[in-house]
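As C-alpha cells, the structure follows; a few thoughts come after it.
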Amino acid sequence: MSRIAYVNGRYLPHRHASVHVEDRGYQFADGVYEVCEVWNGRLVDQRRHLDRLERSLRELSIAAPMSRAALAGVLEEVVRRNGVRDGLVYLQVTRGVARRDHAFPPAGTRPSVVVTARRSDRRGQEALAAKGVAVITVPENRWPRVDIKSTSLLPNVLAKQQAKEVGAREAWFVDAEGNVTEGASTNAWIVTPQKKIVTRPAESGILRGITRTVVLEVAADLGYAVEERPFTVAEALKAAEAFITAATTVVMPVVRIDGHVVGEGIPGPIATSLRLKFHDFSELA
Ligand code: PLP
C-alpha cells in the first residue's frame, strides 16, 4: 500500500506531498505539532492530543485551521488510507504561507495543515523494551516555553544526534541546577531505591506529555507511590529503575545513563508493569 499524506485539504501520494517554500513552518519553524500512537488501528488518546494542540495554537496565536471534529476526521482518514494498524500519526499546523517577514502575516492568512502516518514495528519495540535503552545527559539549552509543542526543535535534534553517535536512544536535558528536565522527545522518570516513582512536575521546564499523564493514572491504579519533583543526574544514577515515556515509545525502560548501569542493568518491574498496563488506561478513538 503506497503512503498518502494530507496537505491543506488534499490527500496526496507521499512523494508528491509538499508545502510552499514560503510556508512559515519551513522558514521560521513557526508551527506546532502532535504525534499520536496508533494501536490496533485505533488512535490513542486523540482527545488529549487535540486538547494540547489547541493549547499550543492558542499560546502562539495561530488560528485553528478547522474544527476539532474535522481535524479528528482527517487524522482517522490518514490512518485508514495508509492501512496503519500499529504506528504513528503526525499532525502539523503552521502559521501559513506568506511573504517572508518575521512578524505575523496579514490577518486571514490560512494556517497550513499536514498529516502523515506510518507503521511501526511493534515486535521490534517490544524487543527493545525487553532489553531497555541507554540515555546520555546534555546541558539544557532550549527556550523556556517547552510546554508548547512547537516544531522548533533544533536543540532536540542536536541532542538526539549526540545520543545516537554513542549508541544511546535518548538525551536527557539537565538544567542549571543539575536537575533532569526531560528527554529530547520523551519525559524522564526514575524509581528510587525505596520504590517511589519520581518525575519532574509539568509546571515548568517540560512538555506535559500525554503518555506521562496516562502513566500517572496507571501508577495510581497499581498502588505505586509517585512524587512529582525534580531529580538530579546523581540521583538517577543511584535509582533502582529509570524510564522514558512518549507516544512513540509508550513506557521504555532505561538501563544506562551516561554509560553507568541503572539498577540491575535490566528493565525493572515497575517500568515493565506500567508498560504492560498502559493501553488499559489510554483512550482509544
Ligand atoms: N517531551 C518532549 C520534548 C517531547 O517531544 C515529547 C513527545 O514528542 C514528550 C515529552 C512526550 O509527550 P507525549 O507523551 O505526549 O508523546
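Count the sequence shown with this note's numbering and you get residues 471 to 755, in order.
From the three backbone atoms N, C-alpha and C, an ideal C-beta is built for every residue, glycine too.
This structure is a prediction, so every number in the text was calculated from the model and none was measured.
Item to complete: Jot down the residue ranges of each uninterrupted beta strand (DSSP E) in the segment 540–571, minimum 3 residues, whole runs only, in chain order.
Response: 557–564
Worksheet item: Are Ile667 and Arg551 closer than 7 Å when you measure CB to CB?
Response: no
Worksheet item: Applying the criterion that 16 or more other CB atoms from any shown protein chain within 10 Å of the CB defines a buried residue, is Met471 buried or exposed?
Response: Burial call: exposed.
Worksheet item: Taking all protein chains shown into account, do 16 or more other C-beta atoms lie within 10 angstroms of the C-beta of Arg612, making it buried, or fewer, making it exposed?
Response: The Cβ neighbour count for Arg612, taken over all protein chains shown within 10 Å, is at least 16; the residue is labelled buried.
Discussion item. Please report the straight-line C-alpha distance between Gln497 and Val489, rounded to a whole angstrom.
Written reply: 11 Å
Fill in: Simplified DSSP assignment, three categories, for His490
coil
Worksheet item: Quick one: what's got a C-beta closer than 6 Å to Ala604's C-beta in the same chain, skipping five residues either side?
Response: Ala638, Arg726
Fill in: Expected contact under 8 Å - CB spacing of Leu754 and Arg512 to nearest Å
4 Å
Worksheet item: Between Gly557 and Gly495, what straight-line distance do the alpha-carbon atoms span, to the nearest angstrom?
Response: 24 Å
Item to complete: Would you mind stating whether Gly602 and Pro723 have Cβ atoms separated by less than 7 Å?
Response: Yes.
Fill in: Range of the contiguous alpha helix (DSSP H) that encloses Pro625
624–635
Practice prompt. For the beta strand (DSSP E) holding Phe713, just list the boundary residues, first then last.
Written response: 711–716
Practice prompt. Taking Ile680 and Asp571 to be in contact with their CB atoms under 8 Å, please state how far apart those CB atoms are, rounded to whole angstroms.
Written response: Contact doesn't hold; Cβ gap of about 34 Å is too wide.
Discussion item. Run through the DSSP bridge pairs and tell me what Met722 is partnered with.
Written reply: Ile714
Worksheet entry | Simplified DSSP state of Ala573, which is helix, strand or coil | coil
Item to complete: Kindly identify the DSSP beta-bridge partner or partners of Glu640.
Response: Val605
Worksheet item: Does the ligand PLP have a heavy atom nearer than 6 Å to the CB of Glu492?
Response: no
Worksheet entry | Closest Cα partner of Ser537 within the set Arg565, Glu524, Val477 | Glu524
Discussion item. Please identify the residue among Asp521, Ser526, Val732 whose C-alpha is closest to the C-alpha of Ala539.
Written reply: Asp521
Item to complete: Below 8 Å on the Cβ atoms is my guess for Thr586 versus Val548; work out the distance and round it to an integer in Å.
Response: 7 Å
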